[in-house]
């Protein structure tokens, strides 16, 4: 039976968050359906999610969690080798509301159940209520029979952290210090929480993300660990690119950073899309009180960095942009022994995220 662990932290108990490049037992997703977030009743998004799930399933088992109203539809649309489980949710960003799994050297696995408040709560969150999503991490841990730590009152999303599994985490100030998360905590206190619950010694702070309005700038659009000592970072020379300043600043910060083991980081550049990804079909998205409305032509955050690393494969976003092929080439160079699985995901970007945001890996315990 899965139980809540009270009174200790993963660090005290000898658990750490592994790097995403370490082996996975399973990947979780949540089926999209909100007509006030996804255009055309979420049907195009469902197709994109299905294509992402199929690409992952070639390499790693996949579980999709669906609301009761969508269970039959989801089950009918995804292949039979993908598990579908009926669990209630508010939206479909399992990276952020699902558990962060931690492992130890004895072959045990546990979950960290961060408090989730829809990226900013009543201050600047994206929807209300969010109680089903806040319960998602515990439900996934129950499903897998995994004990969990609850950070009651401490808000964090999985998309706001990237670890190397060897003591270092990268985050953004824009997100972790935003007033809608933990306004009662200082930067040092937030660092202490990361150190206790991820079992890291070093926090590398990148100043800004590229998504201030949706996630308050999650790191997973900007940078990630390729392997210990090496990171990928978004890059552009084009001063007209809307993310030029953030990309340059993040690259500079990471290039000057040293990890917990004292290594100067090697930084790989990953291109941005040539053209910004503009939302179309906003008039098919329901307008509902309590949800951030979407506008025709608004820039959707379409970052190639928002990929998933899973069991020697990279599930990589594509947007029908002229830099799609370059992104594949650059990621393949970073991960020479991996299979690159490119998937068209502008429909996911229209909803406010991408492949990394809609997936959450469960590591394979040693």
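Numbering (the working numbering), first residue to last: 6 to 371.
Note that the Cβ used here is the ideal one computed from N, Cα and C, for glycine as well.
Taking its Cβ as the centre, do 16 or more other Cβ atoms sit within 10 Å of residue 115, making it buried, or is it exposed?
buried
Would you tell me roughly how many angstroms separate the C-alpha atoms of residue 56 and residue 64, rounded to the nearest one?
14 Å
Identify the continuous alpha helix (DSSP H) that holds residue 270 and give its terminal residues.
Premise fails: residue 270 is in no alpha helix (DSSP H) and is neither H nor E.
Kindly indicate which three-state DSSP category residue 165 falls into: helix, strand or coil?
helix
Return yes when the C-beta of residue 226 is under 7 Å from any heavy atom of the ligand FAD, and no when it is not.
Among the components of this structure there are no ligands whatsoever, and the ligand FAD is therefore not found.
Please report the residue range of the beta strand (DSSP E) in which residue 100 lies.
Unbroken run through residue 100 is the alpha helix (DSSP H), 99–102; no beta strand (DSSP E).
Residue 186 by DSSP, collapsed to three states: which one?
coil
Exposed or buried, what is residue 192 when buried is set at 16 or more other beta-carbons lying within 10 Å of its beta-carbon?
exposed
With DSSP collapsed to three states, give me the class of residue 216.
coil
Could you give the first and the last residue of the continuous beta strand (DSSP E) run that contains residue 118?
114–120
Taking all protein chains shown into account, decide if residue 45 is buried (16 or more other Cβ within 10 angstroms of its Cβ) or exposed.
exposed
Can you check whether the CB of residue 230 is closer than 8 Å to the CB of residue 277?
No, the Cβ-Cβ distance between residue 277 and residue 230 is not below 8 Å.
By alpha-carbon positions, which one of 319, 246, 86 ends up nearest to residue 62?
86
Please go through the stretch 259–344 and give each complete alpha helix (DSSP H) segment of 4 or more residues, from N-terminal end onward.
329–339
Any idea if residue 371 is buried or exposed, counting beta-carbon neighbours within 10 angstroms, 16 or more meaning buried?
Result: exposed.
Start and end of the alpha helix (DSSP H) containing residue 143?
141–149
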